[in-house]
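*Asks:* Mapping of the sequence shown onto the UniProt record's numbering: residues 1 to 581, in sequence order.
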Amino acid sequence: MATKFCPEAFRGLSVSQLGKVLAPSDPYDLYSEYESGALYVSTEDLRLLECEANTHLWVVMSGMYGKLVVLLMLAFCLTEVLDNRVLPFTFQGVFLMYLYVGSIVAIMCIYVSVIIDNCPSITASKENLTKHEDPEVGSITSFGTLKRAHISRSKTSRTSFYLRVGALVFGLGTLIFNGLEIAMHSTMKSECVKDIVFAHPILQALFTFLQMHFLFVNSEVIVEKFGQVARFGFMHLVATNIAIWIRMVVWESATVWIEDTYANKPLTEVPEQAVQVLRLYSCFQNNTLGRLWTDAQPYLFPFLVEYSLIAAAVTYIMWCNVGKEKLKKLGQIGKPVMEDSATLDKRGVRKGYWKVDCRSASKGLFLGLLCLVGGVVILIIFFVMKDQNEFKTKMFWICNGTQMIILSLSIIGTIIGFLQIPKLSVSTSKPLDLDRLLLSSTIIGVYIFAVFGMIVGGINYTESEYLATFCVHALLLLQVSLQDMLVAEASRRTCTSRYQMLTKPGRQVITFLLFANITLWILDTFMTHTSVSQQFQFGFYGVLAWGIISRISLPLLILYRFHSAVILVEIWKNTYRTKAD
Numbered sequence: 001m002a003t004k005f006c007p008e009a010f011r012g013l014s015v016s017q018l019g020k021v022l023a024p025s026d027p028y029d030l031y032s033e034y035e036s037g038a039l040y041v042s043t044e045d046l047r048l049l050e051c052e053a054n055t056h057l058w059v060v061m062s063g064m065y066g067k068l069v070v071l072l073m074l075a076f077c078l079t080e081v082l083d084n085r086v087l088p089f090t091f092q093g094v095f096l097m098y099l100y101v102g103s104i105v106a107i108m109c110i111y112v113s114v115i116i117d118n119c120p121s122i123t124a125s126k127e128n129l130t131k132h133e134d135p136e137v138g139s140i141t142s143f144g145t146l147k148r149a150h151i152s153r154s155k156t157s158r159t160s161f162y163l164r165v166g167a168l169v170f171g172l173g174t175l176i177f178n179g180l181e182i183a184m185h186s187t188m189k190s191e192c193v194k195d196i197v198f199a200h201p202i203l204q205a206l207f208t209f210l211q212m213h214f215l216f217v218n219s220e221v222i223v224e225k226f227g228q229v230a231r232f233g234f235m236h237l238v239a240t241n242i243a244i245w246i247r248m249v250v251w252e253s254a255t256v257w258i259e260d261t262y263a264n265k266p267l268t269e270v271p272e273q274a275v276q277v278l279r280l281y282s283c284f285q286n287n288t289l290g291r292l293w294t295d296a297q298p299y300l301f302p303f304l305v306e307y308s309l310i311a312a313a314v315t316y317i318m319w320c321n322v323g324k325e326k327l328k329k330l331g332q333i334g335k336p337v338m339e340d341s342a343t344l345d346k347r348g349v350r351k352g353y354w355k356v357d358c359r360s361a362s363k364g365l366f367l368g369l370l371c372l373v374g375g376v377v378i379l380i381i382f383f384v385m386k387d388q389n390e391f392k393t394k395m396f397w398i399c400n401g402t403q404m405i406i407l408s409l410s411i412i413g414t415i416i417g418f419l420q421i422p423k424l425s426v427s428t429s430k431p432l433d434l435d436r437l438l439l440s441s442t443i444i445g446v447y448i449f450a451v452f453g454m455i456v457g458g459i460n461y462t463e464s465e466y467l468a469t470f471c472v473h474a475l476l477l478l479q480v481s482l483q484d485m486l487v488a489e490a491s492r493r494t495c496t497s498r499y500q501m502l503t504k505p506g507r508q509v510i511t512f513l514l515f516a517n518i519t520l521w522i523l524d525t526f527m528t529h530t531s532v533s534q535q536f537q538f539g540f541y542g543v544l545a546w547g548i549i550s551r552i553s554l555p556l557l558i559l560y561r562f563h564s565a566v567i568l569v570e571i572w573k574n575t576y577r578t579k580a581d
């Protein structure tokens, strides 16, 4: 290809590097620069530009596919619970099979590619593998197996270990739910559902287990082997997790409303669709395992939602990163490889390391432990006395009073943190994309739960119980807003001077907020969803409306508490770590 003259400063740079130097407003400006003769690019660079242009089309197409899958699940669920001739599971039966099988195939394709790329007899000899800097280039970078995780973890966007442990715990809760459902169907004396519906919990359990292992081991991979087709695989995983959540919200809310509305009415006054749903759930409760599965749903439902949301967020980030490693490596051709964080010298010996201690955290630790112990004691008392009608009023005040105390202490601690955190130095590191995505999405659910609760309490604020409901949700709204701002500020701070390393400003507050969020997470998981805590909301909005609102917002609130605890642990470690000699 004939070349044109270009300044020496630009000679040899790749297109991605030229884009950073020239800073064009649009990548296609490079084409106009080339056609006008002002810029020289090679044939390979032009092909790379065409590849980048086609990438946007694949992003749009896969995004449209994900939205269509979610909307189809919503439409099918609504159709099956509304008053019409469509029987339950008519559409869900086939569609859920498609979602589960497609997700299992997508995960298995990634695992098969890992096995092939790690097998020298299939791909190349061991000698050929050692000639390259990274044997996983072109297939799966970062790490394909747990063994390689410690070698190339820094090459991709890091996922918090504690968040992955949380996904593991929530996944186990989902597997328990699926196991109870499988056991229920297996021990039924009469056939309640078709065989295709009986296959749902089996496929969901298999999908949950595979995805749980994938998220824990390979949550930081960047897939290159399948090209842009991998975007559809990850988007299918994202859509499947969101669709499972939507199905749970719509189906459970509708069935609870139907049971509450028509359970005590004669069959002649009940619509045919409601009769079908009532017969289905009556059949489920014919044996002990069926009743156990039904009773366990309110407690396991948050685990299912939290697992689905974490999995959807992680796979969405992986969907965004498809193809990025390939472009990054092409832009770095000819550059020397640098060791991460410069902690190793040429001989592989550490020059120094970061250490984390518990200095300047004792007061916050003991105050946080006091809140945690108090919350556990209140939870035990609540489970012992919640079914006794004579103690319902006392239980209401105990539950709301506990939350008001913890929220008030958290607000005071956050205000103190705003005075202490600015004493730290500003860090150049940015929060992880996954953390920002989870925070921005879960806080919406917290605001929904708090605002609707404030409306209920504000209508009859002259009554003490309604006033307490208003105060709890107002404190919740204020505490979450202040904490979110404090977390955003603290995650961009670090200790650099000797004074900061010795005093560690704000660490007491971070320690206390960590235990406060853990306590609130426990209370919200096992206590907030009960009728004792939400009796006024059900009475004001109705079973159907508040059932939908609470099933959307409350799991997001629970996930917000857990994820906040994860971020606070990361701040506690990374912001206040010191350099050892």
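All C-beta atoms in this analysis are idealised placements derived from N, C-alpha and C, irrespective of residue type, glycine included.
1. My assumption, with CB atoms under 8 Å, is that residue 486 sits in contact with residue 417. Please give the rounded CB distance.
2. Can at least three beta-carbon pairs, one atom from the segment 174 to 188 and one from the segment 309 to 321, be found at a separation below 8 Å?
3. Does residue 368 pass the burial test, meaning 16 or more other C-beta atoms within 10 Å, or should it be called exposed?
4. Would you give the residue range spanned by the alpha helix (DSSP H) that residue 91 belongs to?
5. Taking 8 Å as the threshold (C-beta atoms), are residue 510 and residue 568 in contact?
6. Please report the residue range of the alpha helix (DSSP H) in which residue 412 lies.
7. For residue 480, I'd like the list of residues in its chain whose CB is within less than 6 Å of its CB, leaving aside the five on either flank, ordered along the chain.
8. Just to confirm before moving on: does the CB-CB distance between residue 283 and residue 427 stay below 8 Å?
9. So for residue 22, helix, strand or coil by DSSP?
10. Please state the DSSP three-state secondary structure of residue 498.
11. Spatial neighbours of residue 546 within its chain, please: CB distance less than 6 Å, with the 5 preceding and 5 following residues excluded, ordered by chain position.
12. If distances are taken between C-alpha atoms only, which option among 558, 89, 270 comes closest to residue 529?
13. Going straight from the alpha carbon of residue 376 to that of residue 517, what length do you get?
14. Using CA coordinates, which residue listed in 402, 382, 385 is at the minimum distance from residue 371?
15. Work out the CA separation of residue 276 and residue 254 for me, nearest whole Å.
16. Among the candidates 571, 305, 435, 423, whose CA atom is the shortest distance from the CA of residue 555?
17. Using only CA atoms, which one of 571, 564, 578 lies nearest to residue 166?
18. Can you give me the C-alpha to C-alpha distance between residue 76 and residue 89, rounded to a whole angstrom?
19. Ordered along the chain, which non-local residues of its own chain (more than five positions away) have a Cβ less than 7 Å from that of residue 655?
20. When you compare only the Cα positions, how much space is there between residue 440 and residue 519?
21. Does the distance from the CB of residue 246 to the CB of residue 73 come in under 8 Å?
22. Buried or exposed for residue 301, please, with buried defined as at least 16 other CB atoms from any protein chain shown within 10 angstroms of its CB.
23. Judging by CA-CA distance, which residue of 105, 433, 320, 299 is the nearest neighbour of residue 160?
24. How many Å lie between residue 365 and residue 71 at the Cα?
25. Using the three-state DSSP reduction, which class does residue 426 fall into: helix, strand or coil?
26. Can you tell me whether DSSP reads residue 492 as helix, strand or coil?
27. Please classify residue 271 as buried or exposed, where buried requires at least 16 other C-beta atoms within 10 Å of its C-beta.
28. For the alpha helix (DSSP H) holding residue 563, just list the boundary residues, first then last.
29. Tell me the residue span of the alpha helix (DSSP H) that contains residue 366.
30. Roughly how many whole angstroms lie between the Cα atoms of residue 571 and residue 405?
31. So residue 234 and residue 94 are supposed to be a Cβ contact under 8 Å. How far apart are they, rounded?
32. Just the Cα atoms here: how many angstroms apart are residue 242 and residue 498?
33. Closest by CA to residue 443, which one among 548, 561, 407?
34. What residue range does the alpha helix (DSSP H) around residue 433 cover?
35. Would you grab the beta carbon distance between residue 550 and residue 534 for me? Rounded to a whole angstrom, and I think it's under 8 Å.
36. Using only alpha-carbon positions, find the residue among 506, 297, 86 that is nearest to residue 424.
*Replies:* This is what the structure holds:
1. 5 Å
2. no
3. buried
4. Counted as a single uninterrupted DSSP element, the stretch harbouring residue 91 is not any alpha helix (DSSP H), since DSSP gives it neither H nor E.
5. yes
6. 392 to 420
7. 446
8. no
9. Only weak support is given to the placement of residue 22: the predicted model assigns it a pLDDT of 48, under 50, and the question is left unresolved by the model.
10. helix
11. 537, 538
12. 558
13. 13 Å
14. 402
15. 13 Å
16. Answer by Cα proximity: 305.
17. 564
18. Roughly 9 Å separates the two Cα atoms.
19. The structure shown does not extend to residue 655, since the chain is modelled only from 1 to 581, so the question has no answer here.
20. 22 Å
21. yes
22. buried
23. Measuring from the Cα of residue 160, the nearest candidate turns out to be 433.
24. Taking the straight line joining both Cα atoms gives about 46 Å.
25. strand
26. coil
27. exposed
28. 543 to 574
29. 362 to 385
30. C-alpha of residue 571 to C-alpha of residue 405: approximately 25 Å in a straight line.
31. Actually they do not touch by this definition, with Cβ atoms about 23 Å apart.
32. Pairing residue 242 with residue 498, the inter-Cα distance amounts to about 47 Å.
33. 561
34. Annotation for residue 433: the continuous alpha helix (DSSP H) segment containing it runs 433 to 459.
35. 7 Å
36. Nearest C-alpha to residue 424: 506.
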